[in-house]
Amino acid sequence: MPQFVPAEAPMASTAAALVLLFIAMTAVFLSLLVTLAVRTSTFLARPVVRRWLDRAAGTIFVGFGARLAVDH
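Counting from 2, one number per residue, gives the positions in the sequence shown under our numbering.
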């Protein structure tokens, strides 16, 4: 972190401020990520959506297998 602290600024307080800013930004990001995951999980738990996801994943795996079989 010293490369982000200006030479004329007090090292300890400026570094502490940067650490607190990093913690706050991380907390906001992770909170948004958890909120998105919770909202998405209710949508993805629907049987129709799960069926389509299974079909899509199966198609992708068959494609990977076909490509692996063709490539030498």
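A virtual CB, placed ideally from N, CA and C, is assigned to each residue, including glycine.
All figures in this text were calculated on a predicted structure; none of them were measured in a lab.
Within this structure, are the beta carbons of residue i and residue j separated by less than 7 Å?
| i | j | result |
| --- | --- | --- |
| L21 | F5 | no |
Just the C-alpha distance for residue i and residue j, rounded to the nearest angstrom, thanks.
| i | j | result |
| --- | --- | --- |
| A10 | A17 | 12 Å |
| A57 | V29 | 33 Å |
| D55 | L37 | 21 Å |
| M26 | V35 | 14 Å |
| I61 | S32 | 32 Å |
| V71 | W53 | 27 Å |
| F44 | G59 | 20 Å |
| A13 | P7 | 12 Å |
| F65 | R47 | 27 Å |
| R51 | V63 | 18 Å |
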